[in-house]
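Written below as structure tokens is the structure these notes are about.
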Amino acid sequence: MALINHCCVWRAEGKDCQPWACCIASGFHLVTALLRPPQAAALAVRYASKKTGGSSKNLGGKSPGKRFGIKKMEGHYVHAGNILGTQRHFRWHPGAHVGLGKKKYLYALEEGTVRYTKEVYVPHPNNSEAVDLVTKLPKGAVLYKTFVHVVPAKPEGTFKLVAML
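When we follow the working numbering, the leftmost residue of the sequence shown carries the number 157, and every step to the right adds one.
Right, dumping it as structure tokens:
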């Protein structure tokens, strides 16, 4: 037990008292020390060092695909308005009877059959980006563009005389 201040009865009576003798003789401090609640020590509260609930990192790859690509292949029959292909960057270019949508979607303007062609790309001399691209290519290399066409099912310029026969 720790040393307790001796404010015992002997001192109150004016008698000379020693700390240990006083406590042992009267038992005053012993009883009060046992009945007194313990002094509140400084409590250390420990908080969590990591948040719970998992991580919000590394979420890449969990989004669904955008389904870009060709929707109608060579030789497929399409109606006007059918989507022929979707693309993020120009991979296929609109040809005859093919329109270009808002997000570079290719769609049929007429009813008919789908055809794909590759044509040599010669950039306009005023287009500096295209000229830079061509000059960086090896000598003799040729650039091609893929065009999507729709061949109409009905012939366009028929004479009335032929239709009457």
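Built from N, CA and C at the ideal position, the CB exists for glycine as well.
- Annotation for Lys292: the continuous alpha helix (DSSP H) segment containing it runs Ser284 to Lys292.
- Between the C-alpha atoms of Asn238 and Gly255 there is a straight-line separation of about 10 Å.
- Relative to the Cα of Thr242, the nearest Cα in the group Ala236, His232 and Lys227 belongs to Lys227.
- Three or more pairs of CB atoms, one per stretch, sit closer than 8 Å, so the region 228 to 236 contacts the region 261 to 269.
- Residue pairing by DSSP places Arg271 opposite His305 in a beta bridge.
- Taking C-beta atoms as the reference points, Tyr300 and Val278 fail to come closer than 8 Å.
- When Ala286, Leu289, Ala264 and Arg223 are compared, the shortest CA-CA separation from Ala309 is found for Ala264.
- Counting every other CB atom within 10 Å of its CB across the protein chains shown gives Leu199 a total below 16, marking it as exposed.
- Here Leu299 carries a coil assignment [DSSP, helix/strand/coil].
- Looking only at Ala252, His253, Arg247 and Pro281, the smallest Cα-Cα distance to Lys259 is reached by Arg247.
- Cβ atoms of Val287 and His253 stay farther apart than 8 Å, at about 31 Å.
- Secondary structure of Tyr263 (DSSP, three-state): strand.
- When secondary structure is reduced to three states using DSSP, Gly231 falls in the coil class, being assigned neither helix nor strand.
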